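K.L.:
Residue numbers (this note's numbering): 632 to 833.
Here a beta-carbon is modelled for each residue, glycine too, at the ideal position from N, C-alpha and C.
Source: prediction; values computed, not measured.
Here it is, the structure, as structure tokens.
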Amino acid sequence: MMDIITGKTRPDSGTAYFGRSMNLLEMDEPAIAQAGIGRKFQKPTVFENLSVDENLELAMAGPKRIWSTFSGRFNSEQTDMRNEVLKLTGLTELRSRPGKVLSHGQKQWLEIAMLLMQKPKLLLVDEPVTGMTRQEMEKTGELLDSLAGTHTVIVVEHDMDFVRSIAKKVTVLHQGHVLSEGTMDQVQSDPKVVEVYLGTNE
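Now the structure itself:
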């Protein structure tokens, strides 16, 4: 699903629209990203040898010409935004450290921070708590909750305790189709979901 939304995979049939009129199937990956769709993959991909600050600088929305990328300087608005994103993701005290010394959870938060620097309208987050400690999972849940209202966030996750802690609406997919949709309690008690994912005693 995320591959189709971001243009990485083209479906054999069907449609994919962003808003009422933006046909994602007619757009390439860069155009989709520029339209306001950001994606965080399961495995964090940050620039290991660059500091947290430098990672955010490279991720900043705007022209990516070679000269402007290497010679550009943040204006006051961009600096304020970077500081706000650092505070939101809990990385302020780590801003000078290179990516390679961050813990797994901190790298996940840095990648989310990098996406936020691009001002996405829609944020796709793929299994954000895989490999995290319980404390890191709780902090990630708080971070994603804090984005509600400013960004639309779609999370794909198999840890049901984590899903319950953050989800306002849950959609269960099976073989590429929507099997059930509703609150967490509604989905977990749906006989179709129970049969497909939990099996029956018959």
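1. Indicate the three-state DSSP secondary structure (helix, strand or coil) for Asp790 in the structure shown.
2. What is the DSSP secondary structure of Met653, counted as helix, strand or coil?
3. Taking His782 as part of the alpha helix (DSSP H), name the residues at either end of that continuous run.
4. State yes or no: is the C-beta of Thr802 within less than 8 Å of the C-beta of Glu788?
5. Leaving out five residues on either side along the sequence, give the residues of the same chain with a beta carbon under 7 Å from the beta carbon of Gly772.
6. How many Å lie between Ser707 and Met748 at the Cα?
7. Are the stretch 665-679 and the stretch 738-758 touching by the rule of at least three beta carbon pairs closer than 8 Å?
8. Might you give, ordered along the chain, the residues of its own chain that have their beta carbon closer than 7 Å to the beta carbon of Asp790, omitting 5 neighbours on each side?
9. Would you tell me roughly how many angstroms separate the C-alpha atoms of Asp816 and Glu715, rounded to the nearest one?
P.N.:
Considering the structure as presented:
1. coil
2. strand
3. Run containing His782: none; DSSP gives neither H nor E here.
4. no
5. Phe793, Ser796 and Ile797
6. 14 Å
7. yes
8. Val760
9. 35 Å
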